[in-house]
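Notes to accompany the following structure.
There are 2 protein chains.
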Amino acid sequence: MKFGRFTIPADNELGEKTKEIAKLWGADAVRDCDGTALPDDPKRFGKVYNTYFVVRGDNEWAKLHPEEAQRIFLLSDRVLATDDTVKIDIMRSFLKDEFDPDPVYLDRWEVYDRTVGEKVGGWSYDGKSGIVTVENVKKFHEYTVSFLARITWHPVQIYNYITNKWTCEKQLTYDPAFPNTREYIKRHMEEWCKANPDTDVVRFTTFLYQFTLIFNDKGKEKFVEWFGYGQTANPIHVDNFYNETGIRLTAEDFVDNGHYNNMFRTPTEKLKKYIEFIERFVSGTIKELVDICHKYGKEAMMFLGDDWIGAEPYGNYFGNMGLDAVVGSVGGGVTVRMLSEIPHVTYHEGRFLPYFFPDTFFDGNEENAVKELNKNWLTARRAHMRKPLDRMGFGGYLSLAAKFPRFVERVAEIADEFRDIYDALGNGKPYCRLKAAILNAWGKKRSWMSHMVAHELWYQSIYSYQGISEALSGLPVEVEFLSFDDVKNGVPKDIDVIINAGDAYTAFSGGEVWLDENLQTSIREFVYNGGGFIGVGEPTAVSANGRYFQLADVLGVDEEIGFTLSADKYNIEKVKHEITDGIEKFDYGEDKKNIYALKGAKILDVAFSDRFKRNFNVGEVKMAVNEYGKGRSFYITGLPYGFDNARFLYKALCWTAGKDLFVCYSSDINTECNYYPESKRYAIVNNSGENVTTDFYDINGGKRSVLLKPMEVKWL
Amino acid sequence: MKFGRFTIPADNELGEKTKEIAKLWGADAVRDCDGTALPDDPKRFGKVYNTYFVVRGDNEWAKLHPEEAQRIFLLSDRVLATDDTVKIDIMRSFLKDEFDPDPVYLDRWEVYDRTVGEKVGGWSYDGKSGIVTVENVKKFHEYTVSFLARITWHPVQIYNYITNKWTCEKQLTYDPAFPNTREYIKRHMEEWCKANPDTDVVRFTTFLYQFTLIFNDKGKEKFVEWFGYGQTANPIHVDNFYNETGIRLTAEDFVDNGHYNNMFRTPTEKLKKYIEFIERFVSGTIKELVDICHKYGKEAMMFLGDDWIGAEPYGNYFGNMGLDAVVGSVGGGVTVRMLSEIPHVTYHEGRFLPYFFPDTFFDGNEENAVKELNKNWLTARRAHMRKPLDRMGFGGYLSLAAKFPRFVERVAEIADEFRDIYDALGNGKPYCRLKAAILNAWGKKRSWMSHMVAHELWYQSIYSYQGISEALSGLPVEVEFLSFDDVKNGVPKDIDVIINAGDAYTAFSGGEVWLDENLQTSIREFVYNGGGFIGVGEPTAVSANGRYFQLADVLGVDEEIGFTLSADKYNIEKVKHEITDGIEKFDYGEDKKNIYALKGAKILDVAFSDRFKRNFNVGEVKMAVNEYGKGRSFYITGLPYGFDNARFLYKALCWTAGKDLFVCYSSDINTECNYYPESKRYAIVNNSGENVTTDFYDINGGKRSVLLKPMEVKWL
């Protein structure tokens, strides 16, 4: 039993048992959670973490300065004009407790004719009824109002309040964009530090601006975007941004036709600049709070979530804040890597799952709780083997977990395994067989954040892309995130394979950016000279110049969108290939229809309708490879995460990169091999709950058989 | 046993048996076919049809005037530039016997940088090697040559030649765009008429320009477009068109990025004008040949196929030719209606299936031959009940059919049934419950030709749309084909329901035409005031103004193309509805993914992934209805033809039109009811091979039970 790197959620209701569990788990820190209070004398458990809110929690201040509330531009419902005048109840589908229209800035509101996408004048707002009346409208056009609103209830508290049926006071918001509030939050920080001498770590939950989270009139979530800058729409920011850059943002820049600039929309240049502007403001402001923490001998830890907007951990200004640590929820390998690779902080902590809440910890559910724990650990462990977090922990009510002794015991084992892995890896970088780059509109700034809706909620349209990141998080592959701008004048020399994955026209596939000839030629040249290219879903897609996939020549496949039905397609035969060798059934997730192969490409899998038989024109390609000059490409319609698919992706990466697969390799798909050159140690990992015998190939290709117990990590 | 309305393919090898069968079938006309000769004294069988070719068949003339061959613009392969110079072997993927590059008009050739879609100069052509060399190209761009070629082998003969392994002379082409050839074809017509006094009907197969049919270097079909004007690209036409309209067509107008202006591409205004120009030329020229036929007492019949380009039967110039008849192959109900509704001719003839060829008529296959005959008859019969052809017939070798006595007998029965139906209908119009319009870019000109690849080949991407026309061809619905131009300033008063069906951006869905505010408002107004709207697949789709389906408000559904994943969708519950009442399993054919319902719409069917459970955001809508003002809409992802789906479409039509279903209605889905007001007769049709008892509702809604024998038409 080892000690340290573990934060326990302490619970004053549990009494002495806390100490026992803390010891069993080797906890060296204690934290409070929503709804719990720390035990007396918390320091006896180690370091003490306390939650801290910057822009909510002090309703007294907020009530004194209602004009300094946070702001957002909201888009009303579309209303059909059936007459010369149209009346729009702007708040109709919004939660009235969350937002209060702000007519002080009426000049910044916009009425749009959405049928033609044009701003119109000739309207008025009646504050009493909340109705905007637009005169002289065009019949059977649809109209909207984009209006500025004060945020009068913090969205995260709304979520907790409604979910847990709370009856406490509704937390207002305040915005340090206003100098008055900015001074206030510093004062408050100072006072809080003084009042909390026991606190070692200030766990910021989080900083200044909540991600976009809009509730509807029924109190249900209406729109959620974990990357949304909607709540930064303070007129002071908009004006300062104009003064700094000459770019005048309008309501439409925020509401974006109702899309609210979500991550799937290719960001405009002005939006990218605005994000940087907010990052500078947030990091500058937070720096002052962090300095106060340091002055009082406390560490500053950022929770990656909630009000994290403007604190982009992979952005250019993150380091300026001077933070000591980050913490985040660990949903799988992707979240481990998203957290563990954040630069400029001393340590990275993960809050493991399951959360100690009654939804899992109820009588008779111990087996499931253990199962969930194991599943999450096995999924996350793949990523820890590549780049571990520095600390682990749990959240919720410890008293609930304490009722499940097998669960408590299993956490202890996992904590030890976590510490073992951490110690074994040291600071040495694990061996990477090759370097892959995920290419999208966001690049480095959104490293490991590709294809996320909300904070990684499952969504039908994207799990087949998100599976790529999840697979990569545990593969012996160096991963970089590149933006289209990063490669359009040449692919960085150290990249072996470029991956472009996503639905057509999204920021991840790229859409119209592929009309840029420099981007096209840069990738073509890279592949032609020996590089690898992997396309998933609708890579490089934009309908132009006779093609849908602009790099169809590189990929060897294109998508039939209805314009080339009259062109005969003879390449519909599946061929054997080393990538698919030994794999019979494939999981394409959401899949893509109507993909066809060009001449010369090799089809690794193809589907046929059971409605019609023909020896051309009727096959739908699911997977193909192509040779292009000295380089190679691989295409697949979708790649949800699974053992097969992770292996599959790895084989495709090696093949496109022209690398021998059988180096630091474990053949059974339930297993993976990690090699640590500094310590010259191999870790063969069994991701499954079964005994597995696998062939293991060392760095020189030497092969031997290895037997692994369920979930075992075998060090060689 | 009745007589007439029947053309038999006579066969001099069959001898006296011909007479017997002709009598059995009630044949009153005889025709020759490829590979057969008419018996001696053919007139004893009735009218004599002879095949006639206008622009092929006389290689002597063609060889004397090689410069008067037909022309086409071809697009070379795309060739990647990996250096400063790129060399393009222009004929590399074409059949060298079919085309001969024509450097006489080198000034009309175009070299394109397809990476950026720009025409480039600085190239030269070497006629010996067939290579175009382009200097100073941009590295890693792709280049093509659009070159004019002489058509040196008639494409239809290529097809027959290769398919049947012929060794006869390859037929050259000649083009009456050249005045010399134009005079010649008249002379030839006159001589032929003189030389063939027995011929009563000149069966033109067909006129001047073959639909686009390009073979590849392996002698396989490379591109086929039944509506293609590619083979009209004679420089004389292009120049005359310029002189007439001021529009100078270039090679790119013909090759269209490799799409060769197929039917799925929204036609440009200049293409539409050019089609009309060619129609005028063809009808003017053919008029002179028809006059010659008439002068010799012969009728002129057009085969709708092969060289039918420019003879658009629903175009504005078709009537000018003075034709007596049309004939075409009957594949199903759509082809019946496509033929039977052609204006300006005295009679319409259908060549029924199966063709008397050895692929069906081989020893031991009689049962299948009868089955195919029945299946085709039952499918086509639905359309005959609405608007019958005037004559039927068969093609191929009668000697083959003669070997199958049950087949011969069944043809006799069908011929009688066909004549019965024809007589029963008279000239009276059957009762139509409502009037529906198919709305697409082509409108009336391509009536009953919607969603055709080649000449109605099955294709994966479109059978789910083509099923709509097939269903309509036999429904008690008046059908009109409207173009977007026809409705953008108001929907014609007599339309009850508008149908828009197709994949996004195709000419059938409409693509960017939906950005036209007049089109949008016109349809909105129509529905709002009580009209019906049916969308299938991706109706009104174009990504703009925050929507994909521009009439999402009317339809109550939109497609998630990746930009609104962050917006919550709660409307995912299936509700009961009269349209789906009694139907449990639906066939959406190719289907569409990611359709979601807006607030207020009613979902009639929705699919859920088995991967994730959630009570919002995860349902994929397959079918929905919406109320919009006084009007109604119906959406479905796809509608391949089948008894269920035909019924289903009819129910949706009645519901959206606000019409009571139970009028002139037969409840069992195997049956359909037709009513003929003039004769006050009802025909209850059993489309199935089973006995069926159905509820029949008369024009006043009076209900009674009717028993139908297999395949029976019961007249009441």
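Those protein sequence lines, which keep their order, are chains P and X.
Going by my numbering, the letters in the first sequence line up with residues 809 to 1524, in that order.
Going by my numbering, the letters in the second sequence line up with residues 809 to 1524, in that order.
No residue lacks a Cβ here, since even glycine has one placed at the ideal position from N, Cα and C.
Could you give the distance in angstroms between the alpha-carbon of residue i and the alpha-carbon of residue j?
{"i": "P/Tyr1531", "j": "P/Lys978", "result": "Within the shown structure, residues of chain P are numbered from 809 to 1524, placing residue 1531 of chain P beyond reach of any answer."}
{"i": "X/Lys1401", "j": "X/Leu1290", "result": "28 Å"}
{"i": "P/Ala1191", "j": "P/Glu1480", "result": "11 Å"}
{"i": "X/Glu1264", "j": "P/Ala1249", "result": "42 Å"}
{"i": "P/Val1350", "j": "X/Asp1115", "result": "36 Å"}
{"i": "X/Asp866", "j": "X/Leu980", "result": "8 Å"}
{"i": "P/Val894", "j": "P/Val1046", "result": "29 Å"}
{"i": "P/Tyr1017", "j": "P/Tyr967", "result": "16 Å"}
{"i": "X/Ile1507", "j": "X/Val1305", "result": "21 Å"}
{"i": "P/Asn1434", "j": "P/Gln1358", "result": "15 Å"}
{"i": "P/Glu926", "j": "P/Val919", "result": "9 Å"}
Kindly indicate the opening and closing residues of the alpha helix (DSSP H) around residue i.
{"i": "P/Ser1148", "result": "1141-1148"}
{"i": "P/Thr989", "result": "987-1003"}
{"i": "X/His1102", "result": "1077-1103"}
{"i": "X/Ile1246", "result": "That residue, X/Ile1246, is in no alpha helix (DSSP H); its beta strand (DSSP E) goes 1242-1248."}
{"i": "X/Ile1044", "result": "1043-1053"}
{"i": "P/Ser1277", "result": "1271-1280"}
{"i": "P/Trp1185", "result": "1174-1192"}
{"i": "X/Phe1226", "result": "1213-1233"}
{"i": "P/Ala870", "result": "867-872"}
{"i": "P/Tyr1336", "result": "1325-1336"}
{"i": "P/Tyr1458", "result": "1451-1465"}
{"i": "P/Tyr860", "result": "Segment 855-860 is the beta strand (DSSP E) holding P/Tyr860; no alpha helix (DSSP H) there."}
Is there at least one Cβ from chain P nearer than 7 Å to residue i's Cβ?
{"i": "X/His1259", "result": "no"}
{"i": "X/Tyr1267", "result": "yes"}
{"i": "X/Val1426", "result": "yes"}
{"i": "X/Phe1416", "result": "no"}
{"i": "X/Ser884", "result": "no"}
{"i": "X/Asp1304", "result": "no"}
{"i": "X/Asp1038", "result": "Note that residue 1038 of chain X corresponds to Gly in the displayed sequence, not to Asp. No, X/Gly1038 lies away from the interface with chain P (no Cβ there is under 7 Å from its Cβ)."}
{"i": "X/His1263", "result": "no"}
{"i": "X/Gln1274", "result": "no"}
For residue i, which beta-bridge partners are listed by DSSP?
{"i": "X/Asn1494", "result": "X/Thr1479"}
{"i": "X/Met1109", "result": "X/Arg1011, X/Ala1133"}
{"i": "X/His1156", "result": "X/Val1134"}
Kindly say whether residue i, judged by its beta-carbon, lies nearer than 7 Å to any beta-carbon of chain X.
{"i": "P/Lys1030", "result": "yes"}
{"i": "P/Phe814", "result": "no"}
{"i": "P/Asp891", "result": "no"}
{"i": "P/Val919", "result": "no"}
{"i": "P/Ala1249", "result": "no"}
{"i": "P/Ser1374", "result": "yes"}
{"i": "P/Glu1157", "result": "no"}
Which stretch, first to last residue, makes up the beta strand (DSSP E) that contains residue i?
{"i": "X/Glu1029", "result": "1029-1033"}
{"i": "P/Ala889", "result": "No beta strand (DSSP E) contains P/Ala889, which DSSP labels as neither H nor E."}
{"i": "X/Ile1022", "result": "1020-1023"}
{"i": "X/Ile816", "result": "814-817"}
{"i": "P/Glu1286", "result": "1285-1291"}
{"i": "X/Val1536", "result": "Since the first residue shown for chain X is 809 and the last is 1524, residue 1536 of chain X is missing from the structure and cannot be characterised."}
{"i": "X/Trp931", "result": "931-934"}
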